[in-house]
Every structure is written in C-alpha cells, then in structure tokens.
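Enquirer:
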Amino acid sequence: MSGTQNGRSPRSVALVGPYSSGKSSLFEAMVEVAGAPVKRPADPRNRPMTTEIRVGHCSYLGDAWSVLDCPGSIEFAYEVTSALSMVDIAVVVCEPLPARALTVAPLLKQLADLHLPHILFINKIDTLEGSIADTLAALQSHARCPLVLRQVPIIDGESVSGYVDVVHERAYRYRKGQPSELMQIPSNMQDEEQEALGKLVETLADRDDVLLEKVLEDVKPGTDEIYRNLRKDLADGAVVEALLGSADNVSGVRRLWKALRHDAPFTAETATRKGIPTEGPPLAQIFKTQHAGHTGKLSYARIWRGTIKDGATLGGTRLGGIYQFPGGDLAKRAEAGEGEIVAFGRLDGVSTGATVSPGATPAQLPFPAPPAAVYALAIATTDHKDDVKLNGALQKIREEDPTLTVVQEQDTSETVLHGQGEMHLNATVERLSRNYALKVATHKPQVPYKETIRKAVHEHGRLKKQSGGHGQFADVKIDIAPRQRGSGFEFIDKVVGGAVPRNFIPAVGEAAEEAARKGPFGFPVVDISVTLVDGQFHSVDSSDMAFKTATSLAMKEGLAKADPVLLEPIFRVTISVPNDYTARAQRLVTGRRGQILGFAEREGWPGWDDVEALVPEAELHDLIIELRSQTLGLGTYRKQFDHLAESRAGQELRRGAA
Ligand SMILES: Nc1nc2c(ncn2[C@@H]2O[C@H](COP(=O)(O)OP(=O)(O)O)[C@@H](O)[C@H]2O)c(=O)[nH]1
Ligand SMILES: [Mg+2]
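Under the working numbering, the first residue of the sequence shown carries the number -3, and numbering increases by one thereafter.
Encoded structure:
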C-alpha cells in the first residue's frame, strides 16, 4: 500500500479511552470498513486486555491512514502518551454512561494540554439508557472546551435504531455491519435536532464573527460554513465533536471515518503544532521499540518530513527493513514517505524517543518521559544458572518498556522490578517466560530497614589462641556511640603510646565497619561512631586477622548492649485523587500507619486534590492497588524518601529473637 493515492499525506489516528470502552473493537471495525484485513481475537466477547500499541494501516476514500489501538489501563498509559505524541488526531472512545465520565477526565486533560485535536466517539450506543445529553453533560464537566454533539440518537422503543446527523439534518437507520440507510427524520425528533444544531452553531459562532452575525440575525448558515468552522476549531483545540456508534455492530464507523477524513490535520499541520519545521531533510521519530522474533529489533517511527529509503543510515546504523502491518502481518516496504507510521528494522543503538535523519544526527525532538514507578516486585530465577540470561532479557525488555526499572538492591541482594502496577509487572514476568523461556518467581521486596543504637557503650574484645607453633593474639577496647541521624559511620583512633601498633589500626576500622553491616536485628547499623581507645598486642602472635577478629567480637557484644533500635524508612507521599475521593485517600493513609500532613487542590487539575502524608515504606507495597480499587482506577501517588524513623516493630523483633 503506497502512502499517497491522491497526493494527500497519510495521516494517523490514535484510539484512546478508558479500559473496556471498545477501542480494540473499534480499531477492528474501522480497519475492516476501510477494506483492509484485520486480526480479530478468537473470542470477541472475551477480548484480551490491550497492553501495547497495535498499528493498523488502511485507506478510506483514497486517504491513507495509520490507526493506533492503545491500551486503556492506567498501567500502560505510557504507550498512550507515546502514541499521542505522534498522531494527527485522537478518538476518545467512551461509554454512554454518565457515571463513567470521570474515568475519561485525565485523558481529556492530557489531550487539551497537548493541544491535540480529538473527537469523542460515544461507543456502545446500543446499550444507551436515558438520554445522551446526560452523558455529554457529565463529560463536559471534565472538558476544558465545549463538546458539541454531531449526532442525535433515534430511540425506537427500548433501543437505538439510528441517528440524526445534526449538520446535514438527515436521519439514518443503523444496519448491523452495513452502511446506515437514509430515512425520514422522525417527526418527534425535529425539535431535538434543531436544538442540537442551534447549540453547535452557537458554539462555533463564539469564535467566528460572520457566523455570530448570522446567529444574531437568525440566518441559517450553510453546511460548508459549519464544516469549515468545525475543522478549524477542532484543530485549534477550541471544540470537541461527539459522534455516536457501536463498534461491535459496526454502526457509526463510516460516519467517524468521514469526520476524521474531513477534520484531521495533515502531517504539516501537526508538525507545525509541535514546532517541527516543515522544510528540511527527511526526519523521523521513534516512539516504540519491540524485539520481534525473526525480524529482530523493530523501531516504530513517524515520518515527519520527506522520504526514508531502506538501507539508509539512521542514528549511525544501517536501516535493515521498513515494515508496515496490513492485516496485522508484517509487510516489507522499499521506502516510507512523509506522514507514515512504519517500523524500522534492526536499528541497534537507536532507542525510543530518538529523532533520526538519513546520514545525519538531527536536533532531537522532545519525547515524553516515562512515569515514575508505583509498584515493585522482587524476582528470582528458579534455576540460578539462568541469572546471566535474566539480566540480558531484562535489558531487552527495558528497551521496549521505559516504564520498567530494574534495581539490584545491595542490602537485600534482591533484583527488584519497579513498574506501573500489578498487571504491568505480571505482564513483564509473563514476557520473560514467553519470549525468553525464563521461569522466575516473584515476591514482595524486603523493606530496607536499618538499625542504630541509643546508648554509648564501652566494649572489650580479646582473641588469644595457642595452636601448635605460634598463636593468635589481639586485644581491643572500643567505645561505640550513637551519632546524629543521617551522619553515617565513623571510626576514630584514640590509641596512645602504641598500645595497638599503627599498622594494625586500619584493620580494626575495617572490621568495625564490616560488623556494622549486620546489627542485632540483621540489618545495617547506621549513624554510629566506633572509637579505638586502647588495646594490647603480641610481637609475634598479632596480625591484621587477629585484630579484625577481636574487633568483630567487641562489636557484636557491644551493639547488642547499646540499646539497639530498628529504623524504618519513611516516605513523603503525595496522593492525587478526584476530590470525591479525598476522604478515602486520607483513610487509606491513616490505615497504613501514615501521618497526614495536609491536602490541597492539585495544581492544574480542577476538581482533584493532592493529599500529602508520611508513610512507612513497609506500608507502600500495595498502596497503589488499594488506591486504584477505591478510586475507579484514577488515584495515583508519587513518593520520595524522607527519613528513617525509630520503629516499634524493632522491639517486637527483639522480643521475638530473645
Ligand atoms: N454492547 C456493546 N459492546 C461493545 C461494543 N464495542 C465493544 N463492546 C464490548 O466491550 C468489551 C471491551 O471491548 P474492547 O474493544 O476490548 O475494549 P478496549 O479495552 O477499549 O479495547 C468487549 O466485550 C466488546 O465486545 C458496542 O458497540 N456495544
Ligand atoms: Mg483494547
């Protein structure tokens, strides 16, 4: 399929919206209506969750399109953010349920912030109960600009049988899987249709004086005039049009295609919106990386300018294939032209977000940063022989998924995956098994507790062994004392008169520090000083080893007597929720030994609050899971290490150990 069949540059549309609103169903319906084959799930009523962008290519009425089906779950939201930074227009797929409108709010905000033109597709219209005006009003309360209804549903008894096109003032009857059929506007709908048209024109007149004059003089504007204004206002992000349909029944899909065809900006317009110069050498940007079996690494890219040929040098690497995905299958192309979305083959060394140009290193275009992690799981191979392989696999997965981070914890010797939630990390583990044949077990990561002491002690350590030839001898007297929180470990030498010879003193310091790595509770001891005050030696039997052993003995005894206490990491947490849920977020914090510091309006998010709190790390592990389950999946949080606090849990541990 060539990019341009009619001289117009190919465009791209991203299908976004809350989980299960019907994006994947709509993707399949759109691609199919555009006459291209499409892969459907084995059981369409039991669809697998979308976790990655799926790209489809098709052409509708002579215009070439890339359609991007995006995940709906918040845990895969970075895929959405990446897609939105590439496309000309977005379709927000939602359900005709006023109560669900809140779940669309973050997306509407994101689109408005990006100035990305978007259309609302109110899907599942076959399930409409009550009036569409209620859904629109609920959505409007979360939108920054006016939402205008382009279609009014025709309700026949219990079900929606068709729609009236508000601009054309024509009625259509839905026919399952086929184009809708023209019909008379039902007489009882004339008023509703006129009202919708009136609202649409008035909204557009707010930004157009000629139209405004007509409204004031009660002159009916022409269809072309309405369309022209609609396209302009949509492109300016001043209005959002709402269409209706049913992806499952393939109703309203052609109407959606026509709206996209008419209103979606072209590549040059999108480039201008994004501040990308339209003149210059060919330019493309990578927005997704995939390691696909036989093709190797694939780098999905949007071509912002010019034509890129296979074999070109991009990012210092020779391009090894240009692919598109007709019918979900990989098809090779000789070149890719302006506006297209393609996958580049084997661009090793080029990562997601990179801007590339043949034979050159262009200025890098901005690309969204991945969100911070909110959930962590420790993983371990079931067979330790796989450890090296695991590291390699994780490195590749990290390349595909910038929202995943892998940390090798020093204190606990755990490999910890940090990501966006339970589903995200489970999907990662599943990927390790499917793509790399790696079996790993997961567990809750250990909390990196620390310990310290509350009392200064003086301790004596002595090693004296006589075994055959020459023996071992060392004697140390140390003071162990608490230091200020955060000041770390300190070794001080106060030996006078050579009671311990100079050359053995470093060994004493090392052994003291070494012993502090594991205190009475089994965790690293922080914020103490160890002072060597006195000792004895033997001219033959003393050695570094002997002094280390004597010091270790003294440390072990001394720390246990120095009123040790467990230190628990405390994080400063900011929970963001729609303000209907503020009280719940606060209860969540207090139920987790948290201390609320206050709450305030979330900046730039009308109707949302930020709850600030101090929460022990031990309570953060599944916070995101409970937060989401209590807030329609909308709540998020960010965290930052704040301090180490003495923990009562330490007393319990101590009693248990005693
Ligand atoms: N009644 C009805 N169900 C639909 C419609 N479109 C999709 N669905 C169903 O909604 C569920 C979720 O669809 P899916 O396309 O996977 O949603 P996604 O999560 O947004 O991709 C599936 O069971 C679909 O069959 C529709 O127009 N009407
Ligand atoms: Mg989906």
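Heads up, the beta-carbon is just placed ideally off N, CA and C, and yes, glycines get one too. Note that the structure is predicted; figures quoted are calculated from it, not measured.
Take glycine 505 as the anchor and find which of Pro497, Gly494 and Asp489 has the nearest alpha-carbon.
Expert: To locate residue 505, count along the sequence shown from 1; it is residue 509. Nearest option by C-alpha distance: Asp489.
Enquirer: Counting only the same chain and skipping the five closest in sequence on each side, list residues whose C-beta sits under 8 Å from that of methionine 185.
Expert: Within the sequence shown, residue 185 is the residue found at index 189, counting from 1. The residues are Val148, Ile150, Val160 and Ala167.
Enquirer: May I ask whether a heavy atom of ligand 2 can be found less than 7 Å away from the beta carbon of lysine 19?
Expert: Reading the sequence shown from its first residue, position 23 is the one you call residue 19. Flag set: Cβ of lysine 19 near ligand 2.
Enquirer: Can we count threonine 99 as close to ligand 2, meaning its CB is less than 7 Å from some heavy atom?
Expert: For this step, residue 99 is matched to residue 103 along the sequence shown. Incorrect: threonine 99 has no Cβ contact closer than 7 Å to ligand 2.
Enquirer: Please list the terminal residues of the continuous beta strand (DSSP E) segment that includes glutamate 486.
Expert: In the sequence shown, residue 486 corresponds to position 490, counting from 1. Looking at the DSSP string, the run of the beta strand (DSSP E) that includes glutamate 486 is 486 to 489.
Enquirer: Which residues bound the beta strand (DSSP E) around aspartate 523?
Expert: Residue numbering aside, residue 523 sits at position 527 when the sequence shown is read from its first letter. From DSSP, aspartate 523 is part of no beta strand (DSSP E); its letter is neither H nor E.
Enquirer: Indicate whether aspartate 523 and proline 565 have their beta-carbon atoms separated by less than 8 Å.
Expert: The count along the sequence shown starts at 1 and reaches residue 523 at position 527. The count along the sequence shown starts at 1 and reaches residue 565 at position 569. Not closer than 8 Å, so no.
Enquirer: Where in the segment 299 to 363 do unbroken runs of the beta strand (DSSP E), each at least 3 residues long, occur, reported from the N-terminal end onward?
Expert: Entirely contained in the segment 299 to 363, the beta strand (DSSP E) runs reaching 3 residues are, in chain order, 318 to 320, 327 to 329 and 337 to 341.
Enquirer: Take every Cβ of the segment 84 to 103, pair it with every Cβ of the segment 355 to 375, and state whether three or more of those distances are shorter than 8 Å.
Expert: With a cut-off of 8 Å, the segment 355 to 375 and the segment 84 to 103 do not count as touching, because too few Cβ pairs lie within range.
Enquirer: Using C-beta distances below 7 Å, list every residue in its chain close to leucine 143, excluding the 5 sequence neighbours before and after it, in chain order.
Expert: Taking the first residue of the sequence shown as position 1, residue 143 is located at position 147. Cβ within range, chain order: Leu116, Leu132, Leu135, Gln136, Val236 and Ala238.
Enquirer: Could you pull out every unbroken beta strand (DSSP E) segment of at least 3 residues lying fully inside the segment 428 to 470, listed in chain order?
Expert: You should have 436 to 439, 446 to 449 and 453 to 461.
Enquirer: So, at 7 Å on beta carbons, what are the nonlocal neighbours of serine 525 in its own chain, with the 5 sequence-adjacent residues on each side left out?
Expert: Start at 1 with the first residue of the sequence shown, and residue 525 comes out as number 529. The answer, listed in chain order, is Ala477, Arg479, Glu486 and Ile488.
Enquirer: By Cβ distance below 8 Å, which residues in the same chain neighbour glycine 248 in space, the five residues on each side in sequence not counted?
Expert: Walking along the sequence shown from the start, residue 248 turns up at place 252. So the list reads Phe117, Ile121, Gln147, Tyr159, Tyr170, Ser176, Leu239, Leu240, Gly241 and Ser242, once near-sequence residues are dropped.
Enquirer: On the three-pair Cβ rule with 8 Å, is the segment 594 to 610 touching the segment 550 to 561?
Expert: They do not touch, by the three-pair rule.
Enquirer: Hey, out of Gly482, Asp204 and Val63, whose CA is closest to leucine 252's CA?
Expert: For this step, residue 252 is matched to residue 256 along the sequence shown. Measuring from the Cα of leucine 252, the nearest candidate turns out to be Val63.
Enquirer: Tell me the DSSP secondary structure of phenylalanine 637 in three-state form.
Expert: As a position in the sequence shown, residue 637 is number 641, starting the count at 1. Phenylalanine 637 falls in the strand class under three-state DSSP.
Enquirer: Grab me the residues of threonine 351's own chain with a C-beta within less than 6 Å of its C-beta, minus the 5 sequence neighbours each way, in chain order.
Expert: Along the sequence shown, one-based indexing puts residue 351 at 355. Closer than 6 Å at Cβ, skipping near neighbours: Gln281, Pro358, Gln360 and Leu361.
Enquirer: Could you tell me which of Val529, Gly493, Gly554 and Pro354 sits nearest to lysine 451, measuring between CA atoms?
Expert: Counting from 1 along the sequence shown, the entry for residue 451 is found at position 455. Nearest C-alpha to lysine 451: Gly554.
Enquirer: Compute the Euclidean distance between the alpha carbons of serine -2 and glutamate 395, then round it to the nearest angstrom.
Expert: Walking along the sequence shown from the start, residue -2 turns up at place 2. Walking along the sequence shown from the start, residue 395 turns up at place 399. Low local confidence applies: a pLDDT of 40 at serine -2 is under 50, so the model's placement there is unreliable, with the coordinate-based value given in what follows. Whole-angstrom Cα-Cα distance: 30 Å.
Enquirer: Check whether the Cβ atoms of histidine 427 and isoleucine 393 lie closer than 8 Å to each other.
Expert: Residue numbering aside, residue 427 sits at position 431 when the sequence shown is read from its first letter. Residue numbering aside, residue 393 sits at position 397 when the sequence shown is read from its first letter. A small correction: the amino acid at residue 427 is arginine; histidine does not occupy that position in the sequence shown. Yes, the Cβ-Cβ distance between arginine 427 and isoleucine 393 is below 8 Å.
Enquirer: Does the distance between the C-beta of arginine 43 and the nearest non-hydrogen atom of ligand 1 fall short of 7 Å?
Expert: Mapped onto the sequence shown, residue 43 falls at position 47. Yes, the beta carbon of arginine 43 sits closer than 7 Å to at least one heavy atom of ligand 1.
Enquirer: Residue range of the beta strand (DSSP E) that tryptophan 601 falls in?
Expert: Here residue 601 refers to the residue found at position 605 of the sequence shown. Note, tryptophan 601: premise wrong, no beta strand (DSSP E); not H, not E.
Enquirer: For glycine 494, collect the residues of the same chain with a Cβ closer than 7 Å to its Cβ; drop the 5 residues on either side in sequence, then sort them by chain order.
Expert: The sequence position of residue 494 within the sequence shown is 498, counting from 1. Contacts found: none.
Enquirer: If we call anything under 8 Å between Cβ atoms a contact, is phenylalanine 655 one with arginine 50?
Expert: The chain is shown only over -3 to 654; residue 655 falls outside these bounds and no answer can be derived.
Enquirer: Which residues in the same chain have their Cβ closer than 6 Å to the Cβ of threonine 627, if we skip the five residues on either side of it in sequence?
Expert: As a working note, residue 627 is residue 631 in the sequence shown. Cβ neighbours of threonine 627 beyond the five flanking positions: Val573 and Tyr577.
Enquirer: Hey, would you say the C-beta of glycine 629 is under 7 Å away from at least one heavy atom of ligand 2?
Expert: Your numbering for residue 629 matches position 633 in the sequence shown. The answer is no for glycine 629.
Enquirer: Of all the alpha helix (DSSP H) runs that stay within the bounds of the segment 355 to 427, which reach a length of 4 or more residues?
Expert: Fully enclosed alpha helix (DSSP H) runs of 4 or longer: 383 to 396.
Enquirer: Given this structure, state the Cα-to-Cα distance separating isoleucine 304 from proline 354, to the nearest angstrom.
Expert: Working through the sequence shown from its first residue, we reach residue 304 at position 308. Working through the sequence shown from its first residue, we reach residue 354 at position 358. C-alpha separation (whole angstroms): 7 Å.
Enquirer: What does a CB cutoff of less than 6 Å around glutamine 442 pick up in its chain, not counting 5 residues either side in sequence?
Expert: The residue you call residue 442 lines up with position 446 of the sequence shown. Excluding residues within five positions, the ones whose Cβ falls inside 6 Å are Thr408.
Enquirer: Along the chain, where does the beta strand (DSSP E) that runs through valine 89 open and close?
Expert: Mapped onto the sequence shown, residue 89 falls at position 93. Taken as a continuous stretch (DSSP letters only), the beta strand (DSSP E) holding valine 89 covers 85 to 90.
Enquirer: Write down every uninterrupted run of the beta strand (DSSP E) in the segment 140 to 211 whose length is 3 residues or greater and which is fully enclosed by it, in chain order.
Expert: Runs of the beta strand (DSSP E) inside the segment 140 to 211: 143 to 145, 147 to 152, 155 to 161, 166 to 171 and 174 to 179.
Enquirer: What number of angstroms, rounded off, separates the C-alpha of serine 17 from the C-alpha of glutamate 599?
Expert: The sequence position of residue 17 within the sequence shown is 21, counting from 1. The sequence position of residue 599 within the sequence shown is 603, counting from 1. Taking the straight line from one Cα to the other gives about 28 Å.
Enquirer: Out of Asp214, Asp204 and Gly233, which has the shortest C-alpha to C-alpha gap to glutamate 221?
Expert: As a first step, residue 221 must be located in the sequence shown, where it is residue number 225. It is Asp204 whose Cα lies nearest to the Cα of glutamate 221.
Enquirer: How about glutamate 418 and glycine 515: do their beta carbons lie closer than 8 Å?
Expert: As a first step, residue 418 is located in the sequence shown; it is residue number 422 there, counting from the start. As a first step, residue 515 is located in the sequence shown; it is residue number 519 there, counting from the start. Cβ distance not < 8 Å, so glutamate 418 and glycine 515 don't count as in contact.
Enquirer: Which parts of the segment 550 to 594 are runs of the alpha helix (DSSP H), unbroken and 4 residues or longer, counting only runs that do not cross its ends?
Expert: You should have 578 to 586.
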